[in-house]
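Asks: Dumping the structure here so I can ask a few things about it.
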Amino acid sequence: MNYYFTGILIILMTLLAFCVKPAYGGSTQTNTSGSNTAIEGGYTSTATTTYQSGSESTSTTNNTTNSDIKSSPPSASAPSYNSMTQDVCAVGVSAGIQTFGIGLSGGKHVIDENCERLKLARILNDFGMKVAAVAILCQDERVFESMIQAGTPCPIDGRIGKEAQALWSKYDHERPDYDLYVKRMKAREKKEQAIAKEKALIDKKRLEEEVKMTKELEKQDKETAREELKNLIKVK
Numbered sequence: 163m164n165y166y167f168t169g170i171l172i173i174l175m176t177l178l179a180f181c182v183k184p185a186y187g188g189s190t191q192t193n194t195s196g197s198n199t200a201i202e203g204g205y206t207s208t209a210t211t212t213y214q215s216g217s218e219s220t221s222t223t224n225n226t227t228n229s230d231i232k233s234s235p236p237s238a239s240a241p242s243y244n245s246m247t248q249d250v251c252a253v254g255v256s257a258g259i260q261t262f263g264i265g266l267s268g269g270k271h272v273i274d275e276n277c278e279r280l281k282l283a284r285i286l287n288d289f290g291m292k293v294a295a296v297a298i299l300c301q302d303e304r305v306f307e308s309m310i311q312a313g314t315p316c317p318i319d320g321r322i323g324k325e326a327q328a329l330w331s332k333y334d335h336e337r338p339d340y341d342l343y344v345k346r347m348k349a350r351e352k353k354e355q356a357i358a359k360e361k362a363l364i365d366k367k368r369l370e371e372e373v374k375m376t377k378e379l380e381k382q383d384k385e386t387a388r389e390e391l392k393n394l395i396k397v398k
């Protein structure tokens, strides 16, 4: 009995293997850099009605829907850079960019030169090297300019005061603010020329008025002399 049942089961499985076809999906979904949804399909509906009189009515409906949705990619995270200690004059800088295909990010440390200058000046001052501390601060063009404006020029070649001022005037190209200094000197020269031109015009106008006044006085003197001469002739 078991042999019969086993034979029948094998025959049924063989028939199913040859007669049944595989099922294929009507939609395709592909995931790339996020969540993509694709809906594809074709829907066909046919309705046929036959009336008793022999007439036939046929209705056909075709419906196709396609949908493709792409989600935005995740943001690229720029790395964070820390100086690891409060006594380091460095600042962390990082940046990142993300597109649908690729994302990039990076970062580095940037040295703060002004912070280093302040620390070096503080250490030199603690060692009693006050002139050296001022000299290193004078590497900043703002400090250099303020020292000049205060009448206490920055040290140069071991000279201070008026001697330093004379050397800075002689070797002005060594000034930290040389570009600004040249620009300021050109502006001053232009202003001096404008003032000189204006003064020349004023002097010219004043001279013309003096000449005019002199001519008027000479004319009056001549008329007075003529009147006196006429009076003398009449008296005679």
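Numbering (the working numbering), first residue to last: 163 to 398. We put the beta carbon where it would ideally sit given N, CA and C, even for glycine.
Would you identify the three-state DSSP class for G254, choosing helix, strand or coil?
Replies: strand
Asks: Compute the Euclidean distance between the alpha carbons of V305 and Q260, then round it to the nearest angstrom.
Replies: 43 Å
Asks: Would you call the stretch 364–380 and the stretch 326–341 in contact, with 3 or more CB pairs under 8 Å?
Replies: no
Asks: Quick test of the definition: if touching needs 3 or more C-beta pairs under 8 Å, does the stretch 280–287 touch the stretch 295–303?
Replies: yes
Asks: Could you have a look at Q301 and say whether DSSP puts it in helix, strand or coil?
Replies: coil
Asks: Under a Cβ-count criterion, where at least 16 other Cβ atoms within 10 Å of its own Cβ denotes burial, should I364 be classed as buried or exposed?
Replies: exposed
Asks: If you follow the beta strand (DSSP E) that G265 is part of, which residue opens it and which one closes it?
Replies: Annotation: the continuous beta strand (DSSP E) that includes G265 extends over 265–273.
Asks: Which residues bound the alpha helix (DSSP H) around G323?
Replies: 323–332
Asks: Apart from the five residues just before and just after E390, which ones in its own chain have a Cβ nearer than 8 Å to its Cβ?
Replies: none
Asks: Relative to the C-alpha of D302, which candidate in L342, M291, L329 has its C-alpha closest?
Replies: The residue from L342, M291, L329 with its alpha-carbon nearest to that of D302 is L342.
Asks: In angstroms, rounded to a whole number, what distance separates the CA positions of K352 and P317?
Replies: 30 Å
Asks: Excluding five sequence neighbours on each side, which residues of the same chain lie with their C-beta closer than 7 Å to the C-beta of W330?
Replies: Closer than 7 Å at Cβ, skipping near neighbours: P315, I318, R337.
Asks: Does DSSP put K227 in a helix, a strand or coil?
Replies: The sequence given here places Thr at residue 227; Lys does not occur at that position. DSSP places T227 in coil when its eight states are reduced to three.
Asks: Run through DSSP, which three-state label would T314 get?
Replies: coil
Asks: Give me the Cα-Cα distance between D383 and L369, rounded to the nearest whole angstrom.
Replies: Taking the straight line joining both Cα atoms gives about 21 Å.
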